[in-house]
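Numbering (the working numbering), first residue to last: 10 to 713.
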């Protein structure tokens, strides 16, 4: 008899059906020489402190650090779990072979190995390793069962991770709670959680302490195209105005017009983090919700295994691609052109060296049915990304234009799409055009003419708060700001956390009130700030150092690093942190927020920090006729009812001052602006400050 152990009852049912084990018993299926049973995820866990030493049951700072001489595991304290474990144990004791059908990943390996260890399995163990739950994949997997020993390194990495989290998490949590905790609140510290919180705290404090500085930029408009001065940010208004006066009457001359054809490769396939980032940007889904939706699609057999950290496919998938595309009937308009010729085998898509446990997330070809609207959106992201990678590159024309006025250089750039290539897949999406994809006229070198220079006053901006999308990216790159896809791929070994755990880490920080949401933004609460400020040990809160531990765990998985060495390093670190904190004076209390205080802080922050929505001028009604919408002309705003006789006109610039979006909106909606500095009196060099307002016949006047 062969015993198959799946990770969930639903998966066990699918496997039993395929194997012919159709008789349902209590806790397992049986038939055709197989018994198919299941776990409920984690049936076993590492022992708790009290299981090693009785006095460790109580929290006492003098017992720290707690380091068991040998780590043990136990069945979880739950009657249903204990019953299922006893069924598995009985089946394992009386079979000839066990087939591990757990999730094909590090966590799945640990779950199954712990169960088999406590069940005292003595028979040979095989491993089912599949990337989707379709009937075809399961059958193929059973035809190619692996020896369980092939995954010993994977188990070593998973158990080392669990032990590391126990050592650091339990000891540090007790240490900081006993030293700094108030009102009996537990201060949770974690190997991944704490550096993630530190990143959010650093960003929050950076924004709170930011002091904006004024600067000025010199721009000019020539042939309806805006050029920027190479002077960049000018720190003194006198310098900016001096340059403006110098060039005002001189002609603008084109010194260079260069167009280069370039290629834009399709975006890479999704790993879990990239999918969570995209879903957060497009739909506002949290990382946790996206994981829930993609896991649901996987269990319904519509997509491949989702908890992956690679954006590549293994080379043996290439022959299967036409079949998958053929079955994606809903996307036939996009897949049809691809199926007319052989699918290219690009190294940007198929690369065995870049594939870890599993390949990137792709559709299985099973037509989705019975999915929620949210799951449908996630499936659409995966499906279109899969289709797009087989389309040709997008061909663009990158244009750079240089000009000068009295030897002062100006520059502008633009981009035109010549051949859309993979972009046709997203042609129907409501995506905002990038600023750099602006069309511009053709210029000739040496041409010249009048121009409209101006000085724009601006302020330096603080860094942006993290969103879940940007936080996930920072976790993936250990806090480094990396936009390039290839560079991110190289840094994944040093990311903090794993794709499958990052969403849970973020949700844990929310639950513990260390961070809070402000719309899409993530901000640190006072509790989170106080906690990070008490931690002086950089190892505990540094994303880069934590990323180094993650790299070592991956090396263990590859068999290139010893799990014992990793454990020794962690023990040394925990001992060092304990000694450092224990003998330091507790000079800072940590603010503990009640539910009411947290709600009040969120309300206050939202009121204070919520960005004002930028009103589109074109959406406003004409203040004169109150019928037409506002039109933007070349030099002024006007009314869409001008043919019906409305003569409303509002110039872009008034008394040598270009009006900002807010000033124009205030004028139209309120009839006046806030005070504007530096308005130039007509026929005079004198400058005055004042508010602009409409007269009864909608001309503009200055008021105090």
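Beta carbons are placed, not taken as given, at the ideal position from N, Cα and C, and that holds for glycine.
Just so we're clear, the structure is a prediction, and the values are computed from it rather than from any experiment.
- Message: Please identify the residue among 182, 560 and 414 whose C-alpha is closest to the C-alpha of residue 714.
- Response: With the chain running from 10 to 713 in the structure shown, residue 714 is simply not present.
- Roughly how many angstroms separate the alpha carbons of residue 94 and residue 479, rounded to a whole number? 41 angstroms
- Task: Starting from the C-beta of residue 178, find all residues in its chain whose C-beta is less than 6 angstroms away, skip the five residues before and the five after it, and write them out in chain order.
- Result: 199
- Message: Using 8 angstroms as the cut-off, can you tell me whether the region 210-219 makes contact with the region 106-113, which would need three or more C-beta pairs spanning the two stretches below that distance?
- Response: Too few Cβ pairs lie closer than 8 angstroms, so no.
- Task: With a 10 Å radius around its C-beta and 16 neighbouring C-beta atoms as the bar for buried, classify residue 484 as buried or exposed.
- Result: buried
- Message: Just list the residues that DSSP pairs residue 47 with in beta bridges.
- Response: 15
- Option nearest residue 56 by Cα separation, candidates 175, 517 and 579: 175
- Task: With DSSP collapsed to three states, give me the class of residue 289.
- Result: Residue 289: helix per DSSP, three-state reduction.
- Task: Using a threshold of 8 angstroms, state whether the C-beta atoms of residue 296 and residue 511 are closer than that.
- Result: yes
- Who are residue 227's beta bridge partners in DSSP? 464
- Query: Does the beta-carbon distance from residue 370 to residue 313 come in below 8 angstroms?
  - Reply: yes
- Item | Stretch-stretch touch, CB-based, cutoff 8 angstroms, three pairs: the region 453-466 with the region 518-537 | As far as the Cβ criterion goes, the region 453-466 does not touch the region 518-537, which means the pair count is below three.
- Message: Once the 5 residues before and after residue 698 are set aside, which same chain residues still bring their CB inside 8 angstroms of it?
- Response: 684, 685, 686, 687 and 688
- Let me know if residue 550 comes out buried or exposed under the rule of 16 or more other beta-carbons within 10 Å of its beta-carbon. buried
- Ignore the nearest five residues each way along the sequence and tell me which others in residue 29's own chain have a CB closer than 7 angstroms to its CB. Correct list, in chain order: 40 and 41.
- Task: Might you give, ordered along the chain, the residues of its own chain that have their beta carbon closer than 7 angstroms to the beta carbon of residue 548, omitting 5 neighbours on each side?
- Result: 554 and 582
- Message: With a threshold of 6 angstroms on Cβ separation, who are the neighbours of residue 221 within its own chain once the five nearest residues in sequence on each side are excluded?
- Response: 468 and 469
- Item | Endpoints, the alpha helix (DSSP H) within which residue 527 is located | Here residue 527 belongs to no alpha helix (DSSP H); instead the beta strand (DSSP E) covers 524-527.
- What residues in its chain sit with their C-beta under 7 angstroms from that of residue 51, if we drop five residues either side in the sequence? 85 and 120
- Message: Taking DSSP's pairing of strands, which residues face residue 330 in a bridge?
- Response: Answer is none; residue 330 lacks a bridge partner.
- Query: Would DSSP call residue 677 helix, strand or coil?
  - Reply: helix
- Item | Local Cβ density within 10 Å of residue 7, reported as buried at 16 or more and exposed below that | The requested residue 7 does not occur in the structure, where the chain is confined to residues 10 to 713.
- Message: Let's see if you can read the secondary structure: which residues bound the alpha helix (DSSP H) around residue 237?
- Response: No alpha helix (DSSP H) holds residue 237; the beta strand (DSSP E) holding it covers 234-238.
- Task: Spell out the partners DSSP gives residue 659 in its beta bridges.
- Result: Per DSSP, 646.
- Is residue 540 closer than 8 angstroms to residue 196 when the C-beta atoms are compared? yes
- Using alpha carbons as the reference points, say which of 257, 673, 625 and 76 lies closest to residue 228. 257
- Look at the alpha carbon of residue 420 and the alpha carbon of residue 237, and state the distance between them as a whole number of angstroms. 5 angstroms
- Determine the extent of the beta strand (DSSP E) in which residue 136 is found, giving its start and end residues. 134-136
- Among 564, 269, 544 and 529, which has the Cα closest to the Cα of residue 426? 269
- Note down the Cα distance separating residue 658 from residue 638, rounded to an integer number of angstroms. 12 angstroms
- Item | For residue 286, the nearest candidate out of 629, 476, 654 and 526 (CA to CA) | Comparing alpha-carbon positions, the option among 629, 476, 654 and 526 lying closest to residue 286 turns out to be 476.
- Message: Quick check on the DSSP output: the alpha helix (DSSP H) that includes residue 698 runs from which residue to which?
- Response: Counting along the chain, residue 698 sits inside no alpha helix (DSSP H); it lies in the beta strand (DSSP E) bounded by residues 696-703.
- Query: Ordered along the chain, which non-local residues of its own chain (more than five positions away) have a Cβ less than 7 angstroms from that of residue 106?
  - Reply: 11, 132, 133 and 135
- Could you tell me whether the region 345-360 touches the region 299-317, using the rule of 3 or more Cβ pairs below 8 angstroms? The region 345-360, when compared against the region 299-317, does not touch it at the 8 angstroms Cβ threshold.
- Looking at C-alpha atoms only, which residue of 660, 633 and 670 is the closest neighbour of residue 626? 670
- Query: Do residue 127 and residue 53 have their CB atoms nearer than 8 angstroms?
  - Reply: yes
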